[in-house]
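Participant: The structure under discussion is supplied below as C-alpha cells; questions concerning it will follow.
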Amino acid sequence: MACEGRLQGKVALVTGGSRGIGRAIVQRLASEGATVYFTYRQARESAERVAMEAPEALFPVQADVRDAEAMAGVVQRIQEEQGRLDILVNNAGIARDNLLLRMKDEEWNEVLEVNLFSVFRLTRQVLPIMLRQRSGSIINISSIIGLMGNAGQANYATAKAGLIGFTKALAREVGSRNIRVNAVAPGFIETDMTAGLPDDVRTAFRQQIALRRLGKPEEVASVVAFLASDDASYITGQVLVVCGGYLIA
Ligand code: NAD
0 MACEGRLQGK VALVTGGSRG IGRAIVQRLA SEGATVYFTY RQARESAERV
50 AMEAPEALFP VQADVRDAEA MAGVVQRIQE EQGRLDILVN NAGIARDNLL
100 LRMKDEEWNE VLEVNLFSVF RLTRQVLPIM LRQRSGSIIN ISSIIGLMGN
150 AGQANYATAK AGLIGFTKAL AREVGSRNIR VNAVAPGFIE TDMTAGLPDD
200 VRTAFRQQIA LRRLGKPEEV ASVVAFLASD DASYITGQVL VVCGGYLIA
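Numbering-wise, the sequence shown is residues 0 to 248 according to numbering that gives the first Met the number 0.
This is the structure we're talking about:
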C-alpha cells in the first residue's frame, strides 16, 4: 500500500523507467504524490503507456544514460519546468553475462558504462541543484551480486559493487548539505532481466531464498519510495538488501 501524499511536492528523476523495476518505482513515487520524470532508451510505446496512468505527474523522456549531453538536457529541462529536483533514482542497468575467459571487451565496457560510469556523470549533473536546495535523496539500484559475486557476472558484479562504494563515499561528501545517498540491492526480481533464466535455475534459486519465491518489482519500489521520503531522514550511506532472505548477513 502506497503512503498517499508522502512525496507530495517532490520532483523525481528515474532512469530506465519504461519497464521492470524502474517502471514500478516510477508508478510508486507518483502514487505517493511526486512529479516524476523518467528516461527510457527505446521503448517509446511502453513509456508512453506508463505516462498515461497519470499524465499530469509523469513525464517520459527518451535518453540513453550513456549520452552525457542528452542526460544534461534532461536535468536542465527539469530545472526549467519544476525549479527543483528532490529525488534521483539511478536504476537503468544491463547484464552481459559471460565467463571471464570468454568475456569480450565490449561486454565488460558496456556493463560498466551503463551501470556505473553513467551514474557518476548523471549524479554529478544533478548534485548542484540538490546542493542549492540543501536537500535531496539519491538512490542507486545495485544488486546482491555486487555484495556476493556470481560466476559469469564479473562485469556486472564489479559495476554493482562499484555503485556501493560510490554510494558510501558520496554520502559522506554531501551529508552536511542534507543530501542522503543510499543503495538498494535487490535479489532475484521477476523482470525481463531474469525472464531468460531456465526453469531449473529458477527452482534452484527459489530453494535458497528464505521466502521461497522471486521478488516483484513493486517490492523493490516500496523500499525506494521509503528511502526517497522523509521517513528515511536519518538514513544515508546504507545498502538496503531486498532479496527475500537469499543473502542473510
Ligand atoms: P530490465 O531489463 O527490465 O530494465 C532495465 C531498464 O534499464 C529498462 O528500462 C531499460 O530501458 C533501461 N536501460 C538499459 N540500458 C539503458 C541505457 N543505456 N540508457 C537508458 N536506459 C537504459 O531490468 P530490471 O530488472 O528492471 O533492472 C532494473 C535495475 O535493477 C538494474 O539496474 C538492474 O541491474 C537492477 N537489478 C535487477 C535485478 C533483477 O533480478 N531483475 C536484481 C538486482 C538488481
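C-beta: ideal position from N, C-alpha, C; glycine also.
(1) Regarding tyrosine 36 and ligand 1, is the C-beta to nearest heavy atom distance less than 6 Å?
(2) Counting pairs of Cβ atoms below 8 Å between the segment 168-178 and the segment 207-222, do you hit three or more?
(3) Going by the C-beta, is glycine 236 closer than 6 Å to any heavy atom of ligand 1?
(4) Can you list, in chain order, the residues of its chain whose CB lies under 6 Å from that of glycine 4, leaving out five sequence neighbours each side?
(5) Taking only runs of the alpha helix (DSSP H) that begin and end inside the segment 68-115, which ones reach a length of at least 4 residues, in chain order?
(6) Output needed for alanine 29: all residues of its chain with C-beta closer than 8 Å, excluding positions within five of it in sequence on either side, in chain order.
(7) Is valine 64 near ligand 1, in the sense that its beta carbon is under 6 Å from a heavy atom of that ligand?
(8) For the candidate residues Ala158, Arg120, Val183, whose alpha-carbon lies nearest to that of glutamate 68?
(9) Have a look at valine 25 and glutamate 217 and give me their C-alpha separation to the nearest angstrom.
(10) Write down every uninterrupted run of the beta strand (DSSP E) in the segment 163-237 whose length is 3 residues or greater and which is fully enclosed by it, in chain order.
Facilitator: Looking at the coordinates:
(1) no
(2) no
(3) no
(4) Gly32
(5) 104-111
(6) Val35, Glu52, Ala53, Ala56, Leu57
(7) yes
(8) Arg120
(9) 10 Å
(10) 178-185
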